[in-house]
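Asks:
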Amino acid sequence: MKKIALLIVVLLFVSCDEFFEDCVFFPAKAEIRTTRIDKAKVGEEYYQEIEGRVKNGHGNFHYSFDVGIVPEGLSYYKLGNKLILEGRPVESGIYNVSIELIIEEDCYSTIDDDESDCDNICFDNNTAKKNYSLIIEE
Numbered sequence: 003m004k005k006i007a008l009l010i011v012v013l014l015f016v017s018c019d020e021f022f023e024d025c026v027f028f029p030a031k032a033e034i035r036t037t038r039i040d041k042a043k044v045g046e047e048y049y050q051e052i053e054g055r056v057k058n059g060h061g062n063f064h065y066s067f068d069v070g071i072v073p074e075g076l077s078y079y080k081l082g083n084k085l086i087l088e089g090r091p092v093e094s095g096i097y098n099v100s101i102e103l104i105i106e107e108d109c110y111s112t113i114d115d116d117e118s119d120c121d122n123i124c125f126d127n128n129t130a131k132k133n134y135s136l137i138i139e140e
């Protein structure tokens, strides 16, 4: 009976320890590192990288981006943990571009270690959102 009680206490401690590490002391969360984007000029080639990351994260993650409306002439694509905004804008103005980063843990990684335990993101820390002002000059 004492062995079973000890086993239960150990299992609870290990589970709580991981919870406190992953969720309280060092919570992994999505973060968009790019603080601002460069100005663009009408008709000229524009290129901007917006970098996402997992703050305090360990293991492998999948990155995806949800992008609001971009000015005519510009397009975007994902490259690893980056969103690439590029093209030739056609009209001057100030545009609000909203970007949301969504991260998911890679539970099917080929890495066989304790760091890929697939429960490192707690609560709603798997998204981050930023709004940028893109200035397009004549």
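Numbering (the numbering used here), first residue to last: 3 to 140.
Even glycine gets a Cβ: it sits at the ideal position worked out from N, Cα and C.
Have a look at the DSSP bridge pairing and note the partners of Asn133.
Replies: Ser100
Asks: Looking at the unbroken beta strand (DSSP E) that takes in Ser66, where does it start and where does it end?
Replies: 63 to 69
Asks: Report buried or exposed for Val99, applying the criterion of at least 16 other Cβ atoms within 10 angstroms of its Cβ.
Replies: buried
Asks: Rounded to whole angstroms, what is the Cα-Cα separation between Ser94 and His60?
Replies: Ser94 and His60: Cα-Cα distance of roughly 42 Å.
Asks: What's the gap between the Cα of Glu117 and the Cα of Asp40?
Replies: Residue confidence is low: Glu117 scores 49 on pLDDT, short of 50, so the model does not pin down where it sits. No coordinate-derived value is stated.
Asks: Between Ala30 and Asn58, is the Cβ-Cβ spacing less than 7 Å?
Replies: yes
Asks: What would DSSP say about Ile39, mapped onto helix, strand or coil?
Replies: The three-state reading of DSSP puts Ile39 in coil, since its state is none of H, G, I, E or B.
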